[in-house]
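Sequence lines, in order, name chains F and C.
Residues 1 to 459 in the numbering used here are what the first sequence spells out, letter by letter.
Residues 1001 to 1223 in the numbering used here are what the second sequence spells out, letter by letter.
Input: a single structure, listed below in structure tokens.
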Amino acid sequence: MAEHPYDYRIVRGFVFSALFWLIIGLVVGLWIAFEMFYPALNLTPWLSFGRLRVVHTNGLGLGFGLAGIFAATYYILQKLTRTPLVFPGLARLHLHLFNIIIALAALSLFAGMNTTREYAELEWPLDIAVVAMWVIFAVNVFATLVKRQEKQMYVSLWYIIAMTVTIAVLYIVNNLEVPVNLFKSYSLYAGINDANVQWWYGHNIVGFIFTVPILAMFYYFLPVSTGLPLYSHRLSIVSFWSLIFAYLWTGAHHLMLTPVPEWIQTVAIAFSIFLIAPSWGSVVNGYYTLQGNWEQMRSNFLVKFFILGITFYGLQTIQGPVQGLRTLNAFFHYTDWVIGHVHMGTMGWVTMTISASFYYMIPRISGRPLHSVRIANVHFWLILVGQLLWTVTMWIGGIQQGAMWKATDADGSLTYNFLDSISSLYPYYRIRFAAGAVYFVGILLFAWNIVMTIKKKDT
Amino acid sequence: MGLYAKPLLFAVLSAVVILVGTVVTVFIPMLMPSTQPVSDYVKPYTAIELEGRDIYIREGCNNCHTQTVRPLRTEVLRYGEYSKPEEFAYDRPFLWGSRRTGPDLNRLGGKYPDSWHYRHMQSPQSMFEKSNMPPYAWMAHNRLDTGYTRKKIAVLGYGYADEEITAQLVAYKAKVTDHAYDSRAARDEVTPEALRGELTEMDAIIAYMQKLGRDVKQLEAQK
């Protein structure tokens, strides 16, 4: 603390946590990818697909994703306010509580304690712990903002505020449940309402974890790592408010053609299409920031991560609304197409942006140069190729399965039984596993590079 | 601009902005009749069906199986009558799912005899060589825990008296352990000897599967 006024230990703590949960989450991901074509791998109840899939999504979404977000938020917050964290002790508590919660979450999900609500599977005692952790985080965010030395709040801080507020609303409303005992509860809502609440949450938790705070990183780290000012302040204002306004209307595009009232579905489609505009507002802002300086794609390894990351965000935010359209949804929903869609966002946009943010922060907070730019480049190409192979394979598999479900013979009877539609995908599942393995090697290099940078002795 | 220099005002304004869509598409519908339809033909789960449903939840079956048939021609051909809002009145949580690695189950009840389910749960691959469903043979080795059944039904407000719950459990146990039970051979094959006179987790999850869509099928049959 004597060397510099900012609390960087907390940033480093969350960076390490993120890397740890990233590796755990990916190992589980590889395991379930293998189970998809080799069911003998369901060795025990706690290793069966139904339990492990949830460990995978929670481990990466909440473990890796949130830890990465907390690391970057604590860094950005102090830098943009030119103010040290107001409560460093609370931040330390936040870090420990976070890791305890994620560890207990993993154990409880392995044990089959889950509420089935996607990305909200944790049982009620852990929900309460999550809310407590979020309050601790929010206190530091707002206290530091109030005490700030810099008058104006830069774009990234708007996104951090929006995330802090919205996640709290989403998490509390969706997790209202009546306990039966310490390990079991029932949702407060029933049937149609339960579905509607859950997908309002499910869609927006992705939005306010995998979009909003990642945009905060993008808006901060792209300019500082290139030395180029953001292209348009006005565009960032328009993008921000229209994004956070429109997002909350769209959850029911996950419930197309279900018994949820049709008008809710239709409103969701309309706002989903509208969302292309603010999403691309950020994409365009990013591209134009590099205007006249595109040679940095070659000379500055961080730029590759950011530009490919925002490109996948752009593709994601076109694909999402399109597959929400009722007729296309009738074809694509429930197939692997959607799994491909999700992973372009998470393996592409989210991971690339967090990776580059870590590569920017770690040398600066440890006062040592990055261990190896060369390894960072190899990491970039491995996760790029792994992700593309992964997602494209799932898209093709999804189209195939959707087509097989719809196929009828001349007499109007179904051409394929269900088992045909899934067993014909096993070759795709093998390719998916291989793509995941390539991606995993890239991530191991990433973790190694960060750890070696921090461990490096001053010479 | 002043707003960008006032973090607390900014937070309040953000909350208002995100709440507009939330109120219109989530909160207001909660109070509308269209989101909470009830119908006499849809019956709440019995004690054994509810315990089966909780095992379905515990094992994350919803990660591979959906429970909602869409109003599409090929879908109705494959699974049966499309899903109606009132069918889910007693579902807390709903279990519609989001991915079909396995088939939809909303019309599964009555499609196969119990014996089919016992053999299938024990080893899906022995019935369908190419199936990628995990085997659940171990469920027949677990005695069904009914310690919280009464509490669960009280929380869910299904309205059964305690004696009724006991009677439901006793009746189901009597059914599956009876010599005349039509799926007895299959049940005995998968259930260890010590548990053949008891209710197992496998019994419960199969009772739940046989309930899925049964009320709708009975309604259709009456037409």
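Ideal Cβ placement from N, Cα and C applies to all residues, glycine included.
All values reported here derive from a predicted model rather than from experimental measurement.
> When burial is assigned at 16 or more other CB atoms within 10 Å of the CB, is His333(F) buried or exposed?
Replying inline: It is buried - the Cβ of His333(F) has at least 16 other Cβ atoms within 10 Å.
> What residues in its chain sit with their C-beta under 7 Å from that of Ile101(F), if we drop five residues either side in the sequence?
Replying inline: Correct list, in chain order: Leu126, Ala129, Val130 and Met133.
>> Considering only the alpha carbon of each residue, which of Arg82(F), Ile450(F), Leu445(F) and Leu419(F) lies closest to Phe1128(C)?
In response: Leu419(F)
>> Let's see if you can read the secondary structure: which residues bound the alpha helix (DSSP H) around Pro427(F)?
In response: Tyr426 to Lys455
> Based on Cα-Cα distance, which residue from Arg82(F), Ile310(F) and Thr317(F) lies nearest to Tyr247(F)?
Replying inline: Of the residues Arg82(F), Ile310(F) and Thr317(F), the one whose Cα lies closest to the Cα of Tyr247(F) is Thr317(F).
> Rounded to whole angstroms, how far is the Cβ of Thr1149(C) from the Cβ of Glu1087(C), which I believe are closer than 8 Å?
Replying inline: Actually they do not touch by this definition, with Cβ atoms about 23 Å apart.
>> Does the structure place the region 1074 to 1094 of chain C close enough to the region 1121 to 1137 of chain C that three or more beta carbon pairs sit under 8 Å?
In response: no
> Quick one: what's got a C-beta closer than 6 Å to Leu122(F)'s C-beta in the same chain, skipping five residues either side?
Replying inline: Ala105
>> If contacts are defined as beta-carbon pairs under 8 Å, then Glu118(F) and Ser1098(C) qualify, I think. What distance do you get, rounded to the angstrom?
In response: 6 Å
>> With H, G and I counted as helix, E and B as strand and the rest as coil, what does DSSP make of Arg1070(C)?
In response: coil
>> In whole angstroms, give me the CA-to-CA distance for Val451(F) and Pro259(F).
In response: Between Val451(F) and Pro259(F), the alpha-carbon positions lie close to 50 Å from each other.
> Skipping 5 residues on each side, what residues in its chain have a beta carbon closer than 8 Å to that of Phe1010(C)?
Replying inline: Leu1003 and Tyr1004
> Excluding sequence positions up to five away, which residues of its chain have a Cβ less than 6 Å from the Cβ of Leu290(F)?
Replying inline: So the list is empty, once near-sequence residues are dropped.
> How big is the Cα-Cα spacing for Phe305(F) and Ser272(F)?
Replying inline: 27 Å
> In terms of residues, what are the limits of the alpha helix (DSSP H) holding Glu279(F)?
Replying inline: It is worth fixing the name first, because residue 279(F) is Ser in this sequence and not Glu. First-last of the alpha helix (DSSP H) with Ser279(F): Ile276 to Thr289.
>> Once DSSP output is grouped into helix, strand and coil, what is the label at Arg364(F)?
In response: helix
> Does DSSP put Arg1107(C) in a helix, a strand or coil?
Replying inline: coil
>> Please classify Asn196(F) as buried or exposed, where buried requires at least 16 other C-beta atoms within 10 Å of its C-beta.
In response: buried
> Does any CB atom of chain F fall closer than 8 Å to the CB of Ile1205(C)?
Replying inline: no
>> In whole angstroms, give me the CA-to-CA distance for Leu30(F) and Leu444(F).
In response: 14 Å
> Using a beta-carbon distance cut-off of less than 9 Å, what residues from the region 230 to 262 of chain F approach chain C?
Replying inline: Ile237, Trp241, Ile244, Phe245, Ala246, Tyr247, Leu248, Trp249, Thr250, Gly251, Ala252, His254, Leu255, Met256, Leu257, Thr258, Pro259, Val260 and Pro261
> So, is the C-beta of Leu1212(C) closer than 8 Å to a C-beta in chain F?
Replying inline: no
> Rounded to whole angstroms, how far is the Cβ of Trp21(F) from the Cβ of Ala111(F), which I believe are closer than 8 Å?
Replying inline: Not quite, the Cβ-Cβ distance comes to about 18 Å (not below 8 Å), so this is no contact.
> When the Cβ atoms of the region 419 to 439 of chain F are set against those of the region 364 to 375 of chain F, are three or more pairs found closer than 8 Å?
Replying inline: Fewer than three beta-carbon pairs drawn from the region 419 to 439 of chain F and the region 364 to 375 of chain F are found closer than 8 Å, and the two stretches are therefore not classed as touching.
> How long is the line joining the alpha carbons of Ile399(F) and Ala407(F), rounded to whole angstroms?
Replying inline: 12 Å
> If we count the other Cβ atoms within 10 Å of its Cβ and call it buried at 16 or more, is Trp381(F) buried or exposed?
Replying inline: Trp381(F) is exposed by the Cβ-count criterion.
> Should Gln149(F) be labelled buried (16 or more other beta-carbon atoms within 10 Å of its own) or exposed?
Replying inline: Exposed: under 16 other Cβ atoms inside 10 Å.
>> Along the chain, where does the beta strand (DSSP E) containing Tyr186(F) start, and where does it finish?
In response: Lys184 to Ser187
>> Less than 8 Å between the C-beta atoms of Leu243(F) and Ser236(F), yes or no?
In response: no
>> Using the three-state DSSP reduction, which class does Lys1217(C) fall into: helix, strand or coil?
In response: helix
> What residues from the region 1011 to 1042 of chain C come within 8 Å of chain F, judged by C-beta to C-beta, listed N to C?
Replying inline: Ala1011, Ser1014, Ala1015, Val1017, Ile1018, Leu1019, Val1020, Gly1021, Thr1022, Val1024, Thr1025, Val1026, Pro1029, Met1030, Met1032, Ser1034, Thr1035, Gln1036 and Pro1037
>> Please confirm whether Lys1173(C) has its beta-carbon closer than 8 Å to some beta-carbon of chain F.
In response: no
>> I need the DSSP call for Asn181(F), collapsed to helix, strand or coil.
In response: strand
>> Let me see if you follow: with CB-CB separation under 8 Å, is Pro191(F) close to chain C or not?
In response: As written in the sequence, residue 191(F) is Gly, which differs from the Pro given in the question. Answer yes: the Cβ-Cβ gap between Gly191(F) and chain C drops below 8 Å somewhere.
> For the candidate residues Leu228(F), Ala403(F) and Val322(F), whose alpha-carbon lies nearest to that of Gly292(F)?
Replying inline: Leu228(F)
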